[in-house]
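J.:
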Amino acid sequence: MNCLLWTVFLSLITLAFTTQKLEKSDGIVTGSDTVSDIDSENESDLEKAKISITKLDLTTFDDYVTHDTMWFIMFQTNWCYHCQQYQKHFKYISKKFSSKAPDLQYGTVECLENELLCDRFNISSYPTLMFFTRSNWIEYEGFRQTKSVLSFLSQVTRPLFKQITTEQAEPIQQLVANEKTHFVYLLQDNYLKEERIVSTLRKLEDYLQIYRNIVTFSCMSYSDYLLLKPTNPMKSIFQNELPNKKNNSMFFAIRGESAINVLTLDVFSLFNDNNNEKINKNNNKKNKLINNKEFDADNGFNLELKIKFLNFIENNLLTLLPQFQTETFRGIISRQRPVVIAIFDFDFTTNIDAHEKYLSELKKISFVDNRFSFCWMDGYYWKQYAERFEIEMDKLPQLVIIDYEKDQFFKPKKFTPSSSLSKNINDFLNSIKINDPKFKGKKSSSFSDDQKTKSKFEKIIQFILNYLNIYIYIFVIFSVLYITRKVYTILKNKKFIIKQKIE
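With mature numbering (1 follows the signal peptide of the UniProt record, and there is no 0) as the guide, the letters of the sequence shown map in order to residues -18 to -1, 1 to 485.
1. So what's N118 in DSSP terms, helix, strand or just coil?
2. Within the continuous alpha helix (DSSP H) that includes C65, where are the two ends?
3. Need the endpoints of the beta strand (DSSP E) that I325 sits in, please.
4. Apply the 10 Å Cβ neighbour rule to Y74 and answer buried if 16 or more other Cβ atoms are within range, or exposed otherwise.
5. Would you call the stretch 54 to 63 in contact with the stretch 77 to 91, where contact means no fewer than 3 C-beta pairs closer than 8 Å?
6. Considering only their Cβ atoms, is the gap separating L186 from V244 smaller than 8 Å?
7. Would you call R126 buried or exposed, if buried means 16 or more other Cβ atoms sit within 10 Å of its Cβ?
8. Would DSSP call T128 helix, strand or coil?
9. For E95, tell me which candidate among L142, W61, Y46 and D351 has the shortest Cα-Cα distance.
10. Let me check one thing: in DSSP terms, what residues is H164 bridge-paired to?
11. Does the Cβ-Cβ distance between N298 and A235 come in under 8 Å?
12. Quick check: the Cα distance between D8 and I105, rounded to an integer number of angstroms?
13. Tell me, please, whether the stretch 367 to 374 touches the stretch 332 to 344 by the rule of three or more beta-carbon pairs shorter than 8 Å.
14. From what residue to what residue does the beta strand (DSSP E) around residue 498 run?
15. Tell me whether K6 is buried or exposed, calling it buried when 16 or more other Cβ atoms sit within 10 Å of its Cβ.
16. Given that a residue counts as buried once 16 or more other Cβ atoms are within 10 Å of its Cβ, and exposed if not, what is Y193?
17. Helix, strand or coil for N104 per DSSP?
18. So I55 is in the beta strand (DSSP E); what residue range does that whole segment cover?
19. Identify which residue in S34, Y63 and T59 has its Cα closest to the Cα of I452.
20. Could you give the distance in angstroms between the alpha-carbon of E286 and the alpha-carbon of T139?
21. Assuming the contact rule is C-beta atoms closer than 8 Å, P304 and C357 should be a hit. Round their C-beta distance to whole Å, please.
22. Identify whether K468 lies in helix, strand or coil by the three-state DSSP scheme.
23. Got a sec? Which residues, its chain only, sit under 6 Å from Q380 by beta carbon, not counting five neighbours each side?
24. Determine the DSSP secondary structure at Q318, reduced to helix, strand or coil.
25. Tell me where the alpha helix (DSSP H) around Q221 begins and ends.
Below you can see the structure in the form of structure tokens.
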């Protein structure tokens, strides 16, 4: 009997340690919960930093987060072991970063007590870290170690628009030296001298956060443009598009050494303060933060100009063919178009020429076809994700079209690199767009129902395992008491026997 009890006891202890080593997984990126990378040397100095972490709930969240501040928030549950361990880590990060971004606020949300709030942001694993501005939010999807989180915060809190001056010849050269789209806002001279341009551009930056890893933004005054040397590529880009009147502010979408599109836009007219008050009266605060578009009311967008501006950004957004990564995923699908993904295996393929030809042809198509968003994927790195769409790793390169809005994907027969490759791809894209019955969309396990079922199952298992730890601790206490009592009884009996022998 005693052997059985000890076997059960040791099994439960082993299970407890196993559950503590479980790591968060959101389906694409895994993270580490370790806090061992906390800098012990600076820990005493950081204790002096006065940082408050606000506990937010359903009634206070909208009032706090929609103000003119940035927020970094941890969604957690009290029963989650990882959350308990990460609280010290989160506090350390807030103090460590306080000197770099004094305006950044920190908060926590208890999801068991605020299920509606957490469901609003599709929180399915704990802890989940999210960065908020007035008009957008970004989920942190990287490793949860100090260095990784601080790098993320440095990226999302720095100014999105970089001011270009005539002295910055080298940065200008770099802007036109690659295939990445760059947006340059050419402003009237007096605008850059006004204090309100800072807050106004900041509003614009908040809304454009999701594009940060896909394209770059900068602004330049008209007088600085005039001082550019004739040999500067930016000079020729602007002079071909600028009107004679210099009092117009213009948004340039630049790729390579040419402006692919131009939009005349007064940034102040984009944000209409009168419109702001009118919209807020009809806005339900409970639904403010469901997605980034619903932030418009709080920012006071002039709705007509907003549509015009966003269409301009969306139509000129992506590089010729961006790589599918966690940093670019949101920007790629944000265009609300089917996504064409070419899957390659450049590291292990024996036919590199076929891969390069395929990539080259797809670049040409993506440049002229605005019906889809295009990207390419490292098949070896994203193997598990690609296999959800019936991609066979031994038959790369392959193509798949994913319609994230309709939760379906389309996969053609294998295209062989040939003189007709471009035609074959175009024919396939046209067939999908006209709903050709030959190509029927399929459901993937990566979409809603399976993902929701998996998330609920993981929550239940995690809940059981965490409560199991409590019973283990109770079992340990009773075991210690039981053993102590046994030892005491044995010693007492032994003492009694010795006493009898002496007598």
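Even glycine gets a Cβ: it sits at the ideal position worked out from N, Cα and C.
T.: Quick answer:
1. If DSSP states are grouped into helix, strand and coil, N118 belongs with the strands.
2. Counted as a single uninterrupted DSSP element, the alpha helix (DSSP H) harbouring C65 occupies residues Y63 to K78.
3. Judged by DSSP secondary structure, I325 falls within the beta strand (DSSP E) whose first and last residues are V321 to F326.
4. Answer is buried; the Cβ neighbour count reaches 16.
5. Because the criterion of three Cβ pairs below 8 Å is met, the stretch 54 to 63 and the stretch 77 to 91 touch.
6. The answer is no: Cβ separation not under 8 Å.
7. That one is buried.
8. If DSSP states are grouped into helix, strand and coil, T128 belongs with the helices.
9. Of the listed residues, the one whose Cα sits closest to E95 is W61.
10. Paired residue(s): T198 and I236.
11. Their beta carbons are under 8 Å apart, which means N298 touches A235 by this criterion.
12. In this predicted model, D8 has a pLDDT of only 35, less than 50, meaning its place in the structure is not dependable enough to derive any value.
13. Because the criterion of three Cβ pairs below 8 Å is not met, the stretch 367 to 374 and the stretch 332 to 344 do not touch.
14. Since the first residue shown for the chain is -18 and the last is 485, residue 498 is missing from the structure and cannot be characterised.
15. Interpretation of K6 is limited by its pLDDT of 40, a score under 50 that renders its predicted location unreliable; the figure taken from the coordinates is listed afterwards. Under a 10 Å Cβ-count criterion, K6 is classified as buried, with 16 or more other Cβ atoms of the shown protein chains found around its own Cβ.
16. Buried, because 16 or more other Cβ atoms sit within 10 Å of the Cβ of Y193.
17. Under the three-state reduction of DSSP output, N104 falls in the coil class, being neither helix nor strand.
18. Counting along the chain, the beta strand (DSSP E) containing I55 begins and ends at M52 to Q58.
19. Distances from the alpha-carbon of I452 to those of S34, Y63 and T59 put Y63 closest.
20. Using only the alpha carbons, I get a separation of about 28 Å.
21. Yes, P304 and C357 are in contact; Cβ-Cβ is about 5 Å, under 8 Å.
22. Under the three-state reduction of DSSP, K468 is assigned to helix.
23. Result list for Q380: I325 and I373, in chain order.
24. For Q318, the secondary structure class from DSSP, reduced to helix, strand or coil, is coil.
25. Where Q221 is concerned, the enclosing alpha helix (DSSP H) stretches over P215 to Q221.
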